[in-house]
Amino acid sequence: MAAKTTIKVPHLGGIDVGYRLSGERIDAAKPTVVLINSMCTTSSLFNDQFNSKSLTDAVNLLAIEPLGHGATSSVAEHFTYWDTATMALQVMEALGVDKAFALGTSQGGWMVARMALLAPGKVCLAHSTL
15 MAAKTTIKVP
25 HLGGIDVGYR
35 LSGERIDAAK
45 PTVVLINSMC
55 TTSSLFNDQF
65 NSKSLTDAVN
75 LLAIEPLGHG
85 ATSSVAEHFT
95 YWDTATMALQ
105 VMEALGVDKA
115 FALGTSQGGW
125 MVARMALLAP
135 GKVCLAHSTL
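Position in the sequence shown (from 1) plus 14 gives the number in this note's numbering.
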């Protein structure tokens, strides 16, 4: 199931980005973990993490659906992993996330690596072999 919440960011002439947040808003007292799902999946890939009270008590979870996935849509016909990385950084900024750990599964890993290259002061990498 795709994310139920979207936010508009300016990249590529405007993107409606599907995202999921573990709370009502970002809690500045907790670190944030950005999650980027793999190809042909949605933010529901991370249901177990969002359902873990011990995890959501410790960190903000922010799952962002990449271009071409879930509730994310754009007028642009063509886009790259770099575009999704830029878009995700804009989502972080719009939601008030100054710095985050980023984790991507499969193709999401390529996107979070690009996020870290574009904004090394904002993104700490985590990776998965799923």
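Beta carbons are placed, not taken as given, at the ideal position from N, Cα and C, and that holds for glycine.
Classified as exposed, S68 has fewer than 16 neighbouring CB atoms from the shown chains inside 10 Å of its CB.
For D41, there is no enclosing beta strand (DSSP E), as DSSP gives it neither H nor E.
Residue pairing by DSSP places S87 opposite D30 in a beta bridge. Under the 8 Å Cβ criterion, the stretch 16-24 does not count as touching the stretch 36-47, having fewer than three qualifying pairs. When secondary structure is reduced to three states using DSSP, N61 falls in the helix class. In this structure the stretch 72-86 does not touch the stretch 127-139; the number of beta carbon pairs closer than 8 Å is below three. Counting other Cβ atoms within 10 Å of its Cβ, R34 reaches 16 or more and is therefore classed as buried. Shortest Cα-Cα distance from A102 to any of A72, H92, A133, A43 involves A133. DSSP, read as helix, strand or coil, puts K67 in helix. In the three-state DSSP reduction, T19 falls in the strand class (E or B).
One thing to note: M106 has its Cβ no nearer than 8 Å to the Cβ of A99. The C-alpha of A116 is placed about 22 Å away from the C-alpha of S87.
For the pair H25 and A85, the Cα-to-Cα distance works out to about 16 Å.
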